[in-house]
Amino acid sequence: MTRRSVPEKTHVTTFGGIFYGWWLVVLTVLVTAVVATPSFGAIGVWIKALETHFGWSRTQLAVAFSLGHLEGSAAGPIAGFLVDKYGTSRVVFVGLILVSLSFLLFSRTNSLIIFYISFGILMLVTVAGTWLPLMTALNNWFSARRSTAMGIASGGFSLGGFLLTPVIAWMVGPGNLGWSRSALIFGIFFIVIAFPVKKGIRNRPQDYGLLPDGAAIPDFPTSEEELSEKNQDDHALGFVQEVQVSYTVKEAMKTRAFWLIAIGHAFCTMLLGTLSVHLIPMLVDEGYTLQKASYVWSGIMLISGVTQLTFGFIGDKVAKHKAIGYLGILQAIGFVMFVISTDLAVLVLACFIFGIGFGGRVPMANSIRGDYFGYKSYGTISGIMMVPMSLMMLFAPLFAARFFDLRGDYFIPFALLAAFGLIGALMHLPARNPSEPLLM
Numbered sequence: 001m002t003r004r005s006v007p008e009k010t011h012v013t014t015f016g017g018i019f020y021g022w023w024l025v026v027l028t029v030l031v032t033a034v035v036a037t038p039s040f041g042a043i044g045v046w047i048k049a050l051e052t053h054f055g056w057s058r059t060q061l062a063v064a065f066s067l068g069h070l071e072g073s074a075a076g077p078i079a080g081f082l083v084d085k086y087g088t089s090r091v092v093f094v095g096l097i098l099v100s101l102s103f104l105l106f107s108r109t110n111s112l113i114i115f116y117i118s119f120g121i122l123m124l125v126t127v128a129g130t131w132l133p134l135m136t137a138l139n140n141w142f143s144a145r146r147s148t149a150m151g152i153a154s155g156g157f158s159l160g161g162f163l164l165t166p167v168i169a170w171m172v173g174p175g176n177l178g179w180s181r182s183a184l185i186f187g188i189f190f191i192v193i194a195f196p197v198k199k200g201i202r203n204r205p206q207d208y209g210l211l212p213d214g215a216a217i218p219d220f221p222t223s224e225e226e227l228s229e230k231n232q233d234d235h236a237l238g239f240v241q242e243v244q245v246s247y248t249v250k251e252a253m254k255t256r257a258f259w260l261i262a263i264g265h266a267f268c269t270m271l272l273g274t275l276s277v278h279l280i281p282m283l284v285d286e287g288y289t290l291q292k293a294s295y296v297w298s299g300i301m302l303i304s305g306v307t308q309l310t311f312g313f314i315g316d317k318v319a320k321h322k323a324i325g326y327l328g329i330l331q332a333i334g335f336v337m338f339v340i341s342t343d344l345a346v347l348v349l350a351c352f353i354f355g356i357g358f359g360g361r362v363p364m365a366n367s368i369r370g371d372y373f374g375y376k377s378y379g380t381i382s383g384i385m386m387v388p389m390s391l392m393m394l395f396a397p398l399f400a401a402r403f404f405d406l407r408g409d410y411f412i413p414f415a416l417l418a419a420f421g422l423i424g425a426l427m428h429l430p431a432r433n434p435s436e437p438l439l440m
């Protein structure tokens, strides 16, 4: 049996006197901002550019987004298992390499097949290879401050959307770099950052004699001679189990809360997926330039980012399931407002309502899983919960695209999807923290 040396706490768990968990939050913000925006948040920009270049229909273009989530429905549980088994740093490293290769392939797109393969893989690894493992690491490093940490970290999506979406719109615009060269630049960029990001990630505090939030584990061994690796883990994990309940995957899936949250979250999140695909093309259809349409999405991200920070803090002090439900209702209202009118005043109001609903919901939707089911199988549990979300993200944008191609407008699909989003929000209200499995 091999032994490992026990790292010095001050060298790994603090930097500049600050608990390492907060540095992991900063790293997550940066990684999420630069990965999620070009691959997810700005997908409407790519779709409009490809539509103009190749003349493909909205349905044909939306298929790539849906394929990524079809793959995600199968890969989510696998990715979660790999994170729990091998740790966040390795999975994120592989994820960033795959993101890079996907963008390099996307830059060579000359047919729908190449587009589907490249963007389908890109959508898959953005979630399963970066977001899921990073959220798992944060769940490991935080307990009492979990919602605050995840609220700040989730702001990376909004920060990137606010700052980078207009930049990407400029890059792919007429007379500038164009979509192909822009994709090539992103592909090179992600190869460059993959190894430094991997080096900056620490998987869990127990490896360094700490509990979540930085508290020390009593009598933790200080040298490799005192305990083997296995006994070291048993000591740390055994102590954590005394202070934090952790469900196995099987136990979690027997609870009512698991299914209410998984399905409710799927119905709510599909609204964001649909909006990311169709909002910018819809506004361009209504006469806005690509650059101005990107500012609307940027505005949503600005508002949601501020709200994520606010509700990340509030989420540590309120009943999360109720707050998620009420915020989901706001999100559904804001979603349907985008098709009621494209007048600037209505768009601004819709940005505020949707941004508050989405932004407030996200950090608590991440942290509630850790609150309810603990740290032990967080990655796998979150991956399984991704299955209904991925299926809804597959269906909703494709449904809206097909309806647009047949009827020329978005009102009916947006109204129907908003109704399901409302149902998803209401499903959270009875999803109380389970004290024990309810289903046999």
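Reminder that position 388 of the sequence shown reads as 388 in full-length UniProt numbering, one-by-one numbering, no gaps. The C-beta atom is built at its ideal place from N, Cα and C for all residues, glycine as well.
Exposure label - residue i; buried when at least 16 CB within 10 Å
i	result
Gly-273	buried
Ile-412	exposed
Phe-195	exposed
Arg-204	buried
Gln-308	buried
Asn-176	exposed
Ser-223	With a pLDDT of 47 at Ser-223, under the threshold of 50, the modelled position of that residue is not reliable, and the figure given next carries that caveat. Exposed: under 16 other Cβ atoms inside 10 Å.
Val-346	exposed
Gln-206	buried
Ala-419	exposed
Ser-66	buried
Asp-371	buried
Thr-126	buried
His-428	buried
Ile-168	buried
Val-192	exposed
Ile-113	exposed
Pairwise C-alpha distance: residue j and residue i
i	j	result
Arg-145	Phe-19	12 Å
Leu-61	Pro-397	10 Å
Gly-120	Val-99	11 Å
His-53	Ser-180	11 Å
Gly-17	Pro-174	49 Å
Phe-399	Asp-213	43 Å
Ala-425	Ser-304	17 Å
Arg-432	Phe-190	40 Å
Ile-340	Val-318	33 Å
Tyr-295	Thr-32	20 Å
Arg-402	Phe-106	23 Å
Phe-414	Leu-394	15 Å
Phe-352	Gly-334	8 Å
Thr-109	Gly-55	14 Å
Arg-58	Ala-49	12 Å
Pro-388	Val-83	20 Å
Ala-365	Lys-376	18 Å
Thr-130	His-265	19 Å
Glu-51	Val-284	12 Å
Leu-27	Val-34	11 Å
Met-392	Ile-185	31 Å
Leu-417	Asp-405	17 Å
Ala-293	Ile-280	5 Å
Thr-95	Thr-289	The identity of residue 95 in the sequence shown is Gly, whereas the question assumes Thr. So the two alpha carbons sit approximately 34 Å from each other.
Gly-357	Tyr-326	8 Å
Leu-163	Val-306	14 Å
Beta carbon of residue i nearer than 9 Å to that of residue j
i	j	result
Arg-256	Pro-38	no
Thr-342	Met-301	no
Leu-134	Ile-201	yes
Leu-210	Gly-379	no
Gly-315	Ser-147	yes
Arg-407	Cys-268	no
Gly-299	Val-348	yes
Ser-118	Ser-143	no
Ile-381	Ala-252	yes
Gly-359	Ser-158	yes
Gly-41	Gly-151	no
Gly-421	Met-270	yes
Trp-297	Gly-44	yes
Ser-246	Lys-320	no
residue 441	Leu-24	Residue 441 lies beyond the residue range present for the chain, which begins at 1 and ends at 440; the question has no answer from this structure.
Gln-291	Trp-141	no
Phe-338	Ala-323	no
residue 458	Ala-128	Nothing in the structure corresponds to residue 458, since the chain is present only between 1 and 440.
Arg-369	Ile-263	no
Any C-beta of chain D under 9 Å from that of residue i
i	result
Met-389	In summary, chain D is missing from the structure at hand, where a single protein chain is found.
Residue i: CB within 8 Å of a non-hydrogen atom of the ligand GDP
i	result
Leu-275	Among the components of this structure there are no ligands whatsoever, and the ligand GDP is therefore not found.
Exercise for the section: Can you check the stretch 264-336 for any alpha helix (DSSP H) of at least 4 residues that lies completely inside it and give the ranges in chain order? Expected result: Every alpha helix (DSSP H) stretch that sits fully inside the stretch 264-336 and reaches 4 residues is listed by chain position as 290-314.
Runs of beta strand (DSSP E) wholly within the stretch 105-164 (minimum 3 residues, chain order):
For the beta strand (DSSP E) assignment, the stretch 105-164 encloses no uninterrupted run of at least 3 residues.
Length-filtered (3 minimum) beta strand (DSSP E) runs lying within the stretch 368-415: Given a length threshold of 3 residues, the stretch 368-415 has no whole run of the beta strand (DSSP E) inside it.
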